[in-house]
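Undergrad: Following this message is one structure expressed as C-alpha cells.
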Amino acid sequence: MRILAIDDTKTLLNLLCMTLRDAGHEVAEAVNGEEGLQRFEDFRPDLVITDLNMPVMDGIEFTRSCRARPSGQNTPIIVLTTENGTEIKAEGRRAGASAWVVKPFEPATLLSLITRYQN
C-alpha cells in the first residue's frame with residue numbers, strides 16, 4: 000500500500016515511516032500539510048496519515064484541501080495526534096478524516112487500522 004505520512008516532528012515521522020516500511024508499505028513523507036498536498040499529487044497514495052498541529056498548514060486544513068480535490072475524495076485520511084477532545088475530533092470528521100489515532104501510537108493498532116482500508 001502507498002502511504003503518505005505527514006508530521007512536523009522528525010523523530011515521530013521517522014518512527015511512523017519505519018513502522019510502515021517494516022510492514023511492507025511504500026511511504027512518502029512530508030513535514031506539513033502544504034508539502035503534504037504537493038506530495039499527495041506526485042505520490043498518489045492509497046492512504047494518508049497526518050498530524051494535526053503543524054506549521055504552514057495543519058492536519059484539518061490539509062484534510063479539507065485534500066477532500067476538495069477529485070483525487071483526494073475517496074482516499075482514507077487518518078489523523079495521528081496528541082489531541083483527543085470531542086470538539087476537535089468532530090471538526091476532523093467534518094473536514095473528512097476517516098479515523099483518529101492518539102499519540103503515542105501502538106504500531107500493531109495502527110497497522111491493524113490501515114489493514115481495514117486495504118483493497
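Residue numbers (numbering that gives the first Met the number 0): 0 to 118.
Virtual Cβ for every residue (Gly too), placed ideally from N, Cα, C.
#1: Using the three-state DSSP reduction, which class does L109 fall into: helix, strand or coil?
#2: From L3, A96, V55, pick the residue whose C-alpha is nearest to that of E127; which is it?
#3: Within the same chain, show all residues whose beta-carbon is closer than 6 Å to that of M17, passing over the 5 residues directly before and after it, in chain order.
#4: Would you mind giving the Cβ-Cβ distance between T81 and V101, rounded to the nearest angstrom? I have them listed as a contact below 8 Å.
#5: Can you check DSSP and say which residues form a bridge with E120?
#6: CA-CA distance, G58 and R1?
#7: Which residues in the same chain have their Cβ closer than 7 Å to the Cβ of V55, if we skip the five residues on either side of it in sequence?
#8: Return helix, strand or coil for T18, following the three-state DSSP convention.
#9: Is the beta carbon of I113 sitting closer than 8 Å to the one on L46?
#10: Put L46 into one of helix, strand or coil per three-state DSSP.
#11: What residues in its chain sit with their C-beta under 6 Å from that of A29, if we drop five residues either side in the sequence?
TA: Reading from the atomic positions:
#1: helix
#2: This structure leaves residue 127 out entirely; the chain is present only between 0 and 118.
#3: none
#4: 7 Å
#5: No answer is possible for residue 120: the residues shown for the chain start at 0 and end at 118.
#6: 19 Å
#7: N31, G32, E33
#8: helix
#9: yes
#10: strand
#11: I5, G35, R38
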